[in-house]
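**Student:** Be aware that the sequence shown starts at 426, since it is given in my numbering, and climbs by one per residue.
A virtual CB, placed ideally from N, CA and C, is assigned to each residue, including glycine.
Structure provided below as structure tokens; questions to follow.
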Amino acid sequence: MSEEIKSDDILVVETEIVPNGMGGWMLRCVNTETGEERVCNTIEEYSAFLNECVYTTNKENFQAVWLESPQATPQMIADVRAKLMAFYNEMEGHSPL
């Protein structure tokens, strides 16, 4: 029997891909519990922000939400996706493709 998770016991961090003004991208992140906003220029900075949010909350559950990014180009979205996958594969001990 699975237990339902109450929505007030979930820490949500929302992220949007936005242009950085120099032809690349940055991630605009918001911790919805505290309202803290962070601009991350790399996947490593994004991961560090998620870790900070998780370690400073009393909530039992965590959800990372990617918002629609209307300002981002398809190439920016593909680049973020590829870098995110490479980062997680490295974290899990898999060699890059």
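If you check the beta carbons only, do C454 and T440 fall under 9 Å apart?
**Tutor:** Yes, the Cβ-Cβ distance between C454 and T440 is below 9 Å.
**Student:** Helix, strand or coil: how does DSSP classify N514 here?
**Tutor:** Residue state, collapsed to three classes: helix.
**Student:** Quick check on L436: does DSSP put it in helix, strand or coil?
**Tutor:** DSSP places L436 in strand when its eight states are reduced to three.
**Student:** May I have the straight-line CA-CA distance separating M426 from V438, to the nearest angstrom?
**Tutor:** Residue placement at M426 is flagged as unreliable, the pLDDT there being 48, under the threshold of 50; a coordinate-derived value is accordingly withheld.
**Student:** Check whether the stretch 491-507 and the stretch 445-464 are in contact - that is, three or more C-beta pairs closer than 8 Å.
**Tutor:** Segments in contact, yes.
**Student:** One question on the structure: do F487 and I442 come within less than 9 Å of each other, judged by their Cβ atoms?
**Tutor:** No, the Cβ-Cβ distance between F487 and I442 is not below 9 Å.
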